[in-house]
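Engineer: Residue numbers for the sequence shown follow numbering that gives the first Met the number 0, beginning at 0 and rising by one. Cβ coordinates follow ideal geometry from the N, Cα and C atoms, glycine included. All values reported here derive from a predicted model rather than from experimental measurement. Below is one structure. I have some questions about it.
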Amino acid sequence: MSTISAYYKIESVLIVVGITVFVCLGVTLFSFQTKSDFTSCMGVLLFLAVDTQLIMGGKRHEISAEDYVFASLVLYIDIIYIFLCCS
Numbered sequence: 000m001s002t003i004s005a006y007y008k009i010e011s012v013l014i015v016v017g018i019t020v021f022v023c024l025g026v027t028l029f030s031f032q033t034k035s036d037f038t039s040c041m042g043v044l045l046f047l048a049v050d051t052q053l054i055m056g057g058k059r060h061e062i063s064a065e066d067y068v069f070a071s072l073v074l075y076i077d078i079i080y081i082f083l084c085c086s
């Protein structure tokens, strides 16, 4: 991420970081409060909402508590992907 950010102006990078934070918080809050089950929508581009609901559990599919390293890596990759798509 730092290598890609080095090619852009600092203002552009800060704007993209802000957009990424806003999108991630919005999608995470939405996936916490919604009653819809997004875990069966694997093909739709709602990957952050799907992965958040997989971690929360209680839906059709879930990630077990023993897979916390995998779950955190999945969220990290989702956030990096959003950052790269915005830049």
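#1: Would you kindly report the start and end of the unbroken alpha helix (DSSP H) that includes A70?
#2: Is there contact between the region 6-23 and the region 78-86, where contact requires at least three CB pairs shorter than 8 Å?
#3: Just tell me which of S4, F29, S35 and T27 has its CA closest to the CA of G57.
#4: Should I76 be labelled buried (16 or more other beta-carbon atoms within 10 Å of its own) or exposed?
#5: Within 9 Å of any Cβ in chain C, is that where the Cβ of V22 sits?
Structural biologist: Walking through what the data contain:
#1: Sequence index remark: in the sequence shown, residue 70 carries index 71 (1-based). A70 -> alpha helix (DSSP H) spans Y67 to C85.
#2: yes
#3: Stepping through the sequence shown from its first residue, residue 57 is reached at position 58. For the residues S4, F29, S35 and T27, the minimum Cα distance to G57 belongs to S35.
#4: By one-based count along the sequence shown, residue 76 stands at place 77. Sixteen is the threshold: since fewer than 16 other Cβ atoms of the shown chains lie within 10 Å of the Cβ of I76, the residue is exposed.
#5: Any reference to chain C falls outside this structure, which holds one protein chain only.
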